[in-house]
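Inspection log for the structure reproduced underneath, given as structure tokens.
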Amino acid sequence: MLALVNFVKHFRAYLLGRHFIVRTDHKALSWLHNFKEAEGQIARWQEHLQEYDFECMHRPGKNHGNADALSRKPLRYHGDCPSCTEAQVSLLQLEAHTSYSWPELQSSDPELALIYERVRNGGERPTTQEISKLGWETRCLWSLWDNLKIVDNILYYQHGPTYTRRVVAPQSALPTVLLSLHQQLGHAGSGKMIEAAKRRYWWPHQRKDIIDFCDSCEVCQTIKAPHKYNKAPLEPIITGHPNDLVQIDLVGPLPVTSRNNNYILVMVDHFTKWCEAIAIPQIDAVTIAESIFDHWVSRWGAPLQLHSDRGSNFESIVVSELCRIMGIRKTRTTAYHPQGNGLVERTNRTLKSLLQAFVDQNNPREWDRSLSQCLMAYRASIHKATRQTPHYMVTGRELRLPIDLTSNTLGEDTLIASEHVIRLRRNLNKVHQMTRDILQTNQRYQKEYYDRKAHGSPVEPGDKVMLLKEAPPKGKALKFHKRWEGPFTVVEVLSDCTCRIQEPNNSHSLVTHFNRLKPFRQQALVQTSPAGTVT
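Next comes the structure, spelled out in structure tokens:
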């Protein structure tokens, strides 16, 4: 009965409120519900079981083997049992332990041979003349003569009677020792490696060897982030006239409107900060190309340069052909580096904030009807970089807002047409020159501030580097994605921020940003297997 009480307590979440059957070989339990005048512990158990809906069914012990066997004392294994079948489950293959491996390695090492033979044979400490002709490792062991001992023909170093004996590892065994220890510790860092190694082995300059080995491990370089990522110096984009450079980007997907729009194509002039934002239903290449022509080229003319990210819709043949026909130079950012298109990215953020303010909260799906209000507010606001409104930078006069109709704050222009044109041209030339000076000053200050945290050594052609790849390949889990790929070879340095890299066995090259690179460290110790197996 106690087994039944414990059982229903354990599975209470599954049994409460459901009818279930209790099969048991204890026949007395079949009368559980008919107990009369139960007392003591039996009464308490019976009271506890009353909240469950179940019935007890008796089953003879010979038919109750599935549960009955679990309550029996295990039978000791008999090797001659004819009904037993041997099987290898989760077989792990291990290298056979060979006691002669370390003695063979130590006695054959030119740096250890003399010390090993003297200690093993109980000879005297080598003289200074004998040691002076040998290497630095031998001289280190000679200075530790009193702490050396032979156990099972293996040379050990023991700092004192309370310290652990450590195998004296010859230089020929270090690659295998370090590789095995590093792999078995799960590619631990140098700190854990040093602690693990100094409890097992001794050799000179152990700390330096371990740090160099861990820093140059190829697996660690693909899965571990550097202590400090590269940060290239700032390279400001310099423009001096309207329509020199137009940056484009997409916002979305957004909720689909009644006019089937769910994206915004944003275009910003780098000099005047003038912005065009067009609601579009899809982001295919044809729609993008038509929007660029209809809403920018037809109004302001063809820009000298059109800059975008690496989206396939911007890099399509249709957009490329439009740029070729209109004489536009098409450029793009490097992969995974949206900072290269920073102006339009920042404008996107401003437009999203304006949409939140203007969109009807009762009908947020009609956001495209509020886009014109957002553009008016943006064009009439003073831009921090130019200290002028985008509208004034383009037209030479401020944008008239509805509130200006109640007062004459903007002044009346009573000039005739020719005088107006002359004054407008003069004003625009003046404000554009002033803007160029302001932008130049701001960019200088921004560069000085940004470059304070610039980090990383400049790359040169021929350098080996690792490339950061944030997104895993399709079908691969992000948790197990190795974020660094390589090594790649630097083929050409294009600027302080960008370079062209190439895989060793691949003719394909790619342009990447300096911030996505880190130096590749060649393996410090040659991975060659010494004679014998290190155990």
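Heads up: the sequence shown runs through residues 1 to 535, numbered per full-length UniProt numbering.
For every residue, glycine included, the Cβ atom is placed at its ideal position computed from N, Cα and C.
- Under the three-pair Cβ rule at 8 Å, the region 246 to 265 counts as touching the region 295 to 311.
- Taking the Cα of Cys323 as reference, the smallest distance to any Cα among Tyr336, Gly301, Asn341, His513 is reached at Gly301.
- Secondary structure within the region 165 to 214: the alpha helix (DSSP H) runs of 4 or more consecutive residues, fully enclosed, are 174 to 184, 190 to 198 (chain order).
- For Met393, the enclosing alpha helix (DSSP H) covers residues 390 to 395.
- Following the DSSP letters along the chain, one finds Cys140 inside the alpha helix (DSSP H) bounded by residues 136 to 143.
- Scanning its chain for C-beta atoms nearer than 8 Å, with the 5 sequence neighbours on each side dropped, one finds around Glu117 the residues Ser107, Gly123, in chain order.
- Residue range 484 to 493 is occupied by the beta strand (DSSP E) that includes Glu492.
- For Tyr445, the secondary structure class from DSSP, reduced to helix, strand or coil, is helix.
- In this structure, DSSP gives Ala471 a state outside helix and strand, which the three-state scheme calls coil.
- Setting aside the 5 residues that flank it on each side, Ala196 is surrounded in the same chain by Leu181, Leu185, Ala188, each with a C-beta closer than 8 Å to its C-beta; the list follows chain order.
- Straight-line spacing of the CA atoms in Glu39 and Asn63 works out to 33 Å.
- In the three-state reduction of the DSSP assignment, Asp249 falls in the strand class, which pools E and B.
- In this structure Arg18 does not touch Met57 by the C-beta definition: roughly 16 Å separates them, more than the 8 Å allowed.
- Scanning its chain for C-beta atoms nearer than 6 Å, with the 5 sequence neighbours on each side dropped, one finds around His295 the residues Glu276, Ile278, in chain order.
- Secondary structure within the region 320 to 397: the alpha helix (DSSP H) runs of 4 or more consecutive residues, fully enclosed, are 342 to 358, 371 to 379, 390 to 395 (chain order).
- Per DSSP, the continuous alpha helix (DSSP H) segment holding Ala43 begins and ends at 40 to 49.
- Non-local C-beta neighbours of Glu485 in its own chain, meaning closer than 6 Å and more than five positions away in sequence, comprise Leu467, Lys469, ordered along the chain.
- A straight-line Cα-Cα distance of about 22 Å links Asp215 and Ile501.
- The closest CA to that of Pro233, considering only Ser495, Gln356, Asp451, Asp463, is found on Asp451.
- Rounded to the nearest whole angstrom, the CA to CA distance from Arg425 to Asp244 is 18 Å.
- DSSP, reduced to helix, strand and coil, places Thr239 outside both helices and strands of the structure shown, so it counts as coil.
- By the Cβ neighbour-count rule, Ala357 is exposed, with fewer than 16 other Cβ atoms within 10 Å of its own.
- It is roughly 10 Å from the alpha-carbon of Asn6 to the alpha-carbon of Trp45.
- Under a 10 Å Cβ-count criterion, Leu105 is classified as buried, with 16 or more other Cβ atoms of the shown protein chains found around its own Cβ.
- By the neighbour-count criterion, in which 16 or more other beta carbons inside 10 Å mark a residue as buried, Lys518 falls on the buried side.
- Non-local beta-carbon contacts of Tyr392 in its own chain, meaning distances under 6 Å to residues more than five positions away in sequence, involve Glu398 in chain order.
- Membership of Cys220 in any beta strand (DSSP E) is not indicated; the residue belongs instead to the alpha helix (DSSP H) covering 218 to 223.
- Residue state for Asp437 is assigned as helix, using DSSP reduced to three classes.
- For Thr287, the enclosing alpha helix (DSSP H) stretches over residues 285 to 292.
- For Val151, the pairing in a beta bridge is given by DSSP as Ile154.
- Taking every protein chain shown into account, the CB of Asp109 has 16 or more other CB atoms within 10 angstroms, so this residue is buried.
- Closest in C-alpha terms to Ala335, from the list Lys133, Glu111, Ala471, comes Ala471.
- Between Val119 and Lys149, the C-beta gap is smaller than 8 Å, which places the two residues in contact.
- Secondary structure of Tyr163 (DSSP, three-state): coil.
- Burial state of Gln361 is exposed, judged by a 10 Å Cβ sphere holding fewer than 16 other Cβ atoms.
- According to the DSSP assignment, Arg23 belongs to the beta strand (DSSP E) that extends over 19 to 24.
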